Amino acid sequence: MMRVCHLNTCPVGVATQDPELRKKFSGKPEFVEQFFRFLAEEVRELMAELGFHTVDEMVGRVDRLDVKPALEHWKAAGLDLSNVLREPAVAADAVRRQVRSQDHGLDDILDRQIVASAWPAIEGRRSVSLAFPIRNANRATGTMLGYEITRRHGAAGLPDDAITLQFTGSAGQSFGAFVPRGVTLRLEGDANDYCGKGLSGGRVIVYPPRASTFPAEENVIIGNVALYGATSGEAFVRGVAGERFAVRNSGAQAVVEGVGDHGCEYMTGGRVVVLGRTGRNFAAGMSGGIAYVVDDDGLFARRCNRGMVELESLEDDEDIDFVRSMIARHAEITNSTRAAYLLSVWSSTAARVIKIIPRDYKRIMTAEARARSENREPAFTELVAVARG
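Okay, structure coming up:
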């Protein structure tokens, strides 16, 4: 009700990590349990008044609905619900509820084949390298594999590259979603929306077919909202991504050769290197993490939403080393001609790179660095005070 959930100042201690404010929260899990007990009791009372013993008996019984009080309200004047609430002419014993399980068509999907073939690596016995064709009907490829790994090994996942999967074709939505550490997905082709969604430590690599003749850096190769909510891991994309690339990214590192509108929107962590042009509204709501953009046309500042971020040149040695190493890895992993060119004229490239960093995030990083120089860990309250300015 205070509308300050994003400010870490919640007066009742709910939407905050501030220890002093958290003390004000008086809720207990038992309160929720008791509420639902009361709710269930009231539902039973209402069912009894209507003459029903079970919820199944209520399904489809539109004749028991009293809509008159609602329709007498001035906002609903003239509303006719008769066609919506009309009871169809069916046999008295017609089924009105679920009586058999639905076949979701998951028995023969690509992930089942992957899990079966990768079982030795899932169990931690040896690494595996597999290849599969893929098409856009194959959705969320790699997600079931990630589930099996996480179920056995937890958030730690597997050793790097314990499972390497090579795909050829056009991947469907959510390719590589939630993939944990130890899994590398290489895609020669293109991918639909939500590529790398929720990436959790794995590595996603996308590049055009080797026989293609078009300039990769000028063509879209993955769809919208890639790396949505990613928490860790890496992505190397040889080509342009759609809109909202790395939205809500909180820890993944990525290299991409161009992005559409709203890139790095609401990002809270991680680092993103863009080797080409961005769309408008870049960094909108970005509160953490760092982005680096090669500004070839000198117009990036116009396309960036500077409400929460600052634009800086690439001067810090750590930043220079990071960007150069990521571009070098991108060139090696994807055979990117764009990355190779930028490295060949590195002095000119570094001069065109713009660093995008949130103001509050920068202040916190500065405070942490100062505390480390004093051989101490910064207190949480100290960092909160710094973030608030």
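Note that numbering that gives the first Met the number 0 has the sequence shown beginning at 0, numbered continuously upward. Virtual Cβ for every residue (Gly too), placed ideally from N, Cα, C. Keep in mind that this is a model prediction, so the values were computed, not measured.
Note that the stretch 86-98 does not touch the stretch 134-153; fewer than 3 beta-carbon pairs, one per stretch, sit closer than 8 angstroms.
With a threshold of 16 other beta carbon atoms within 10 Å, F166 meets it and is buried. Look at E314 here: in three-state DSSP terms it is coil, with no helix or strand label. Pairing L49 with V31, the inter-Cα distance amounts to about 27 angstroms.
Rounded to the nearest whole angstrom, the C-alpha separation of D359 and I221 is 31 angstroms.
Counting along the chain, V42 sits inside no beta strand (DSSP E); it lies in the alpha helix (DSSP H) bounded by residues 28-49.
Contact between the stretch 298-314 and the stretch 264-283 is present: three or more C-beta pairs spanning the two stretches fall below 8 angstroms. Less than 7 angstroms separates the beta-carbon of G141 from that of L184.
In the DSSP annotation of this structure, the continuous segment of the beta strand (DSSP E) that includes S128 starts and ends at 127-133. Residues V66 of the same chain have their beta carbon placed closer than 7 angstroms to that of L80, with the five preceding and five following residues left out of the count.
In the DSSP secondary-structure assignment, D62 is not bridged to any residue. In this structure, the CA atom of E147 is about 38 angstroms from the CA atom of E367.
Between the stretch 252-267 and the stretch 327-343, the count of C-beta pairs closer than 8 angstroms reaches three or more; the two stretches touch. Taking a C-beta distance under 7 angstroms as the contact criterion, Y193 and R237 do not qualify as a contact pair. Inter-segment contact for the stretch 368-377 and the stretch 315-324 is absent: fewer than three beta-carbon pairs are separated by less than 8 angstroms. Within the stretch 241-285, the runs of beta strand (DSSP E) at least 3 residues long that lie entirely inside it are, in chain order, 249-255, 267-273.
CA-CA distance, S231 to G188, rounds to 24 angstroms. If the five residues before and after A120 are omitted, its C-beta is found closer than 6 angstroms to the C-beta atoms of S126, V127, A161, I162, all from its own chain and listed in chain order.
Taking K22 as reference, the option from E29, F35, T8, F299 with the minimal CA-CA separation is T8. Here I319 carries a helix assignment [DSSP, helix/strand/coil]. Taken through DSSP and simplified to helix, strand or coil, V352 comes out as strand.
Take A300, set aside five residues on each side of it, and the residues of its chain with a beta-carbon closer than 7 angstroms to its own are L310, in chain order.
M1 is classed as exposed because its beta carbon has fewer than 16 other beta carbons within 10 Å across all chains shown.
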